[in-house]
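Numbering of the sequence shown is given in the working numbering, commencing with residue 1 and proceeding in unit increments. Note that CB positions come from ideal geometry on N, CA and C, so glycine has one too. Given the structure is predicted, the values throughout are model-derived calculations rather than measurements. A quick write-up on the structure given underneath.
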Amino acid sequence: MSDLLLLNGHLHTQDPSCPRATAVAIRAGRFWTVGSDDEIRALASPDAQVIDLEHRLVLPGLTDAHFHYYDWALERRRLPLANTSSLSDLRQRVAQKVSETPPGHWVLGQGWNETRWPEQRIPTRADLDDIAPAHPIILWRSDMHLAVVNSQALQKAGITSDTPDPPAGVIDRDTSGQPTGVLRELAINLVRAVIPPPSEDETVEALRDGFAFLHSLGLTGVHDYRIMGGADGPPAFRAYQRLQAAGELALRLWMHIPGERLDEAIALGLRTGLGDNYLRVGHAKLFSDGSQGARTAWMLEPYEDTGHCGMPLTPMDEIAKKLHRAHRAGIAVAIHAIGDRANRELLNVFEQLHPPAGFEPAGGSGAPPVAPHRIEHVQMIRPEDVTRLGRLGIVASVQPIHVLDDIPMIERSVGPRGRFAYPFRDILEAGVTLAFGSDCPVADPNPLLGIHAAVTRQRRDGTPPGGWYPAQRLTVAEAVWSFTMGPAIASGQQSQLGSITPGKLADLVILDRDIFSIEPMEIAQAQVVMTIFDGRVVYQHR
1 MSDLLLLNGH LHTQDPSCPR ATAVAIRAGR FWTVGSDDEI RALASPDAQV
51 IDLEHRLVLP GLTDAHFHYY DWALERRRLP LANTSSLSDL RQRVAQKVSE
101 TPPGHWVLGQ GWNETRWPEQ RIPTRADLDD IAPAHPIILW RSDMHLAVVN
151 SQALQKAGIT SDTPDPPAGV IDRDTSGQPT GVLRELAINL VRAVIPPPSE
201 DETVEALRDG FAFLHSLGLT GVHDYRIMGG ADGPPAFRAY QRLQAAGELA
251 LRLWMHIPGE RLDEAIALGL RTGLGDNYLR VGHAKLFSDG SQGARTAWML
301 EPYEDTGHCG MPLTPMDEIA KKLHRAHRAG IAVAIHAIGD RANRELLNVF
351 EQLHPPAGFE PAGGSGAPPV APHRIEHVQM IRPEDVTRLG RLGIVASVQP
401 IHVLDDIPMI ERSVGPRGRF AYPFRDILEA GVTLAFGSDC PVADPNPLLG
451 IHAAVTRQRR DGTPPGGWYP AQRLTVAEAV WSFTMGPAIA SGQQSQLGSI
501 TPGKLADLVI LDRDIFSIEP MEIAQAQVVM TIFDGRVVYQ HR
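Listed below in structure tokens is the structure:
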């Protein structure tokens with residue numbers, strides 16, 4: 001492999017020993033030397049490839065720390081509903097898809113959000129039955145914690161008025177006790193279980209097809225999360241390993257274990273970090289509550305529009321036992337927590353098992369995980385609990401792009417308690433490591449949109465003026481760090497990833513403008529000019 005030299009740039013390295021540079025030399029897939037143009041040009045071998053950066057901004061490769069890659073890749077082949085403007089618009093799109101689908105075959109869609117519609121209501125089977133009398137349909141809400149199905153799908157899943165709510169799930173019913181077609185949390189799995197899965201070849205093809213698109217966004221790594229129930233874990237892992245064996249795995253994948261498979265992972269002797277520079281075993285994923293959009297996030301005080309406090313999905317004593325077992329086995333744990341009560345209860349668990357002075361595994365056996373434990377989302381959290389989060393050394397894996405999507409939902413559901421939502425500045429100042437992600441396909445995977453959201457807390461049209469709870473805004477440097485070094489620390493790979501440092505893996509992204517100097521609102525318009533992964537150009541804007 002010939003050397004690659006990048007000259008005449010503006011490198012924001014994230015390396016404190018050399019924070020700014022104009023050039024970098026890459027050899028054998030790693031950063032070799034960082035410095036001035038003259039220093040790097042002097043290293044050029046006869047066959048070296050030289051790229052003129054034309055004074056553009058260069059960042060380390062960006063990593064999305066919370067991405068449902070398997071689901072997103074398959075969903076790209078399904079019916080996209082994220083930009084539906086109304087219930088009528090959704091019905092029209094579903095009807096069109098039905099007309100193109102043979103009778104009896106499933107119609108799968110994802111991404112609708114009723115808070116963006118004038119009707120402001122969740123669809124039911126009554127909205128789908130007339131347009132699809134001969135097709136089973138399931139349409140996931142944007143947060144994937146709620147889905148609506150038609151009567152054909154209910155029939156295939158055997159869901160009737162006599163079907164009890166499954167553990168950690170809710171089947172919505174009308175006044176006569178009949179299912180409405182709305183399924184919340186793990187009730188969705190009753191329908192998922194009867195949907196024919198894609199073949200392994202189809203899965204491999206879908207996963208492969210997604211790499212180029214993510215490269216166009218500057219992403220060189222993702223932390224891939226399992227959906228509730230964990231059924232996607234084995235097929236995803238098999239497909240990733242096939243791509244890896246074929247030399248086609250063009251992302252750094254931190255592959256999380258479904259919490260339901262924790263005991264099996266421990267029995268097999270798996271540990272967090274097992275793998276190579278392309279595919280590693282990550283955290284075990286657990287769920288403490290649901291989502292605020294579905295009103296299943298577990299709150300300290302009732303929702304203003306429903307009068308209830310949401311629900312825990314997993315008893316805290318069970319989470320405590322799993323955390324304890326995982327830590328002893330060298331497996332780090334990532335726990336989903338949206339509501340302020342869910343976050344408080346989790347911190348109580350971490351305080352019992354992980355005191356600030358550090359704790360040894362029970363019996364003193366085994367080494368601790370190579371990566372820190374983390375809480376996913378940390379969406380609603382009270383100030384006193386933010387302080388505890390910092391004291392305990394737990395990573396906060398958060399998704400800034402959700403701020404802009406959730407403003408109307410949060411204000412309607414909790415009113416002035418919205419001041420406790422997405423408190424990024426408070427979390428950072430408490431000494432917590434922030435790892436940014438998108439939660440894709442729940443939200444757009446473009447990390448530049450996430451940086452824009454964290455820095456402005458304003459939609460791209462400038463609303464709300466001054467930003468939503470603007471005291472919680474971050475600087476551009478802090479937001480970029482949270483898409484680079486933050487995910488590296490969260491996966492215990494800070495010695496290999498996250499900065500343009502000699503010896504680290506050579507992943508970087510080149511932008512069309514300097515997001516550190518432009519107006520913050522312009523960050524959302526920034527584009528990727530080039531992405532380099534493993535020391536080779538994998539994307540170049542034409």
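Residue i, DSSP secondary structure in three states
{"i": "Glu301", "result": "coil"}
{"i": "Ala371", "result": "coil"}
{"i": "Glu411", "result": "helix"}
{"i": "Arg419", "result": "helix"}
{"i": "Phe483", "result": "coil"}
{"i": "Trp468", "result": "coil"}
{"i": "Tyr69", "result": "helix"}
{"i": "Ala357", "result": "The pLDDT assigned to Ala357 is 40, lower than 50, so where the model puts this residue is not dependable; a value taken from the coordinates is nonetheless given after this. Here Ala357 sits in coil by DSSP."}
{"i": "Asp224", "result": "strand"}
{"i": "Pro196", "result": "coil"}
{"i": "Lys504", "result": "coil"}
{"i": "Asp52", "result": "strand"}
{"i": "Tyr539", "result": "strand"}
{"i": "Pro166", "result": "coil"}
{"i": "Pro383", "result": "helix"}
{"i": "Ala25", "result": "strand"}
{"i": "Pro559", "result": "A question about residue 559 goes unanswered here, because the residues of the chain that appear run from 1 up to 542."}
{"i": "Val281", "result": "strand"}
{"i": "Ala74", "result": "In the sequence as presented, Ala is not what sits at residue 74; that position holds Leu. In the structure shown, Leu74 sits in a helix (DSSP, three-state: H, G or I)."}
{"i": "Val455", "result": "helix"}
{"i": "Arg344", "result": "helix"}
Cut-off 6 Å between Cβ atoms - residues of its own chain near residue i, not counting five sequence neighbours on either side
{"i": "Glu409", "result": "One detail in the question is off: residue 409 reads as Met in this sequence, not Glu. Closer than 6 Å at the Cβ level, and outside the excluded window around Met409, lie Thr115 and Gly293."}
{"i": "Tyr539", "result": "His215, Ser216 and Thr531"}
{"i": "Ile451", "result": "Ala479 and Ile523"}
{"i": "Trp468", "result": "Ile407 and Arg457"}
Candidates the options, of which the one nearest residue i by Cα
{"i": "Leu313", "options": "Tyr303, Trp298 and Pro302", "result": "Trp298"}
{"i": "Leu268", "options": "Ile331, Leu286 and Pro520", "result": "Ile331"}
{"i": "Glu478", "options": "Ser99, His12, Asn8 and Leu5", "result": "His12"}
{"i": "Arg261", "options": "Trp254, Asp276, His283 and Pro80", "result": "His283"}
{"i": "Met255", "options": "Glu248, Ala246 and Arg271", "result": "Arg271"}
{"i": "Thr475", "options": "Ser176, Leu428 and Pro60", "result": "Leu428"}
{"i": "Gly177", "options": "Ala126, Asp71, Ser161 and Val222", "result": "Ser161"}
{"i": "Asp174", "options": "Leu183, Lys156, Gly247 and Thr84", "result": "Leu183"}
{"i": "His68", "options": "Gly415, Glu119, His223 and Val34", "result": "His223"}
{"i": "Ile546", "options": "Lys322, Ala168, Asn8 and Ala506", "result": "Residue numbering for the chain in the displayed model covers 1 to 542; residue 546 lies beyond these limits and cannot be assessed."}
{"i": "Gln155", "options": "Ser85, His145 and Pro179", "result": "Pro179"}
{"i": "Trp140", "options": "Thr101, Gly275, Leu186 and Arg344", "result": "Leu186"}
{"i": "Arg542", "options": "Gln399, Ala132, Pro198 and Gln527", "result": "Gln527"}
{"i": "Gly137", "options": "Asp143, Pro164 and Pro103", "result": "For clarity, residue 137 is Ile in the given sequence; the question names Gly instead. The shortest C-alpha separation from Ile137 is found at Pro103."}
{"i": "Arg30", "options": "Ile40, Asn113 and Leu505", "result": "Leu505"}
{"i": "Ala245", "options": "Ala265, Gly221, Glu264 and Gly275", "result": "Gly275"}
{"i": "Trp117", "options": "Arg125, Leu90 and Leu128", "result": "Leu90"}
Close beta carbons around residue i, own chain, < 8 Å, minus the five adjacent residues each side
{"i": "Pro549", "result": "Because the chain in this structure spans residues 1 to 542, residue 549 falls outside the shown range and cannot be described."}
{"i": "Pro372", "result": "Ala332, Gly393, Ile394, Val395, Thr433, Ile489, Ala490 and Gly492"}
{"i": "Pro383", "result": "Phe420, Pro423 and Asp426"}
{"i": "Ala357", "result": "Legend: pLDDT at Ala357 = 40, less than 50; position of this residue unreliable, no value from coordinates given."}
Distance, residue j Cα to residue i Cα
{"i": "Ala212", "j": "Gly111", "result": "22 Å"}
{"i": "Glu205", "j": "Ser413", "result": "41 Å"}
{"i": "Ser151", "j": "Asp130", "result": "10 Å"}
{"i": "Ala28", "j": "Arg460", "result": "41 Å"}
{"i": "Gly364", "j": "Val370", "result": "Because Gly364 carries a pLDDT of 40, less than 50, the predicted location of this residue cannot be relied on, and the following value inherits that uncertainty. Rounded to whole angstroms, Gly364 to Val370 spans 16 Å at the Cα level."}
{"i": "Ala25", "j": "Ser36", "result": "10 Å"}
{"i": "Ala362", "j": "Met380", "result": "Reliability fails at Ala362, whose pLDDT of 38 lies under 50, so the model's placement of it is uncertain and the value that follows must be treated cautiously. Near 32 Å, if we compare the C-alpha coordinates of Met380 and Ala362."}
{"i": "Asn189", "j": "Glu248", "result": "32 Å"}
{"i": "Ile375", "j": "Pro400", "result": "15 Å"}
{"i": "Thr22", "j": "Asp507", "result": "16 Å"}
{"i": "Asn348", "j": "Ile510", "result": "43 Å"}
{"i": "Arg208", "j": "Leu243", "result": "8 Å"}
{"i": "Ser88", "j": "Gly535", "result": "48 Å"}
Cut-off 7 Å between Cβ atoms - residues of its own chain near residue i, not counting five sequence neighbours on either side
{"i": "Pro258", "result": "Arg226, Gly230, Gly233 and Lys285"}
{"i": "Arg238", "result": "Glu200"}
{"i": "Val403", "result": "Tyr422, Ala453, Arg457 and Trp468"}
{"i": "Arg295", "result": "Tyr303, Thr306, Gly310 and Ser413"}
{"i": "Ala367", "result": "Gly330"}
One or two residues paired with residue i in a DSSP bridge
{"i": "Arg20", "result": "His12"}
{"i": "Glu376", "result": "His336 and Ser397"}
{"i": "Pro179", "result": "Arg173"}
{"i": "Trp140", "result": "Gln110 and Ala147"}
{"i": "Lys321", "result": "Paired residue(s): none; Lys321 is not in a bridge."}
{"i": "Met255", "result": "Asp224 and Val281"}
{"i": "Thr101", "result": "DSSP, once it has assigned bridges, lists no residue as partnering Thr101."}
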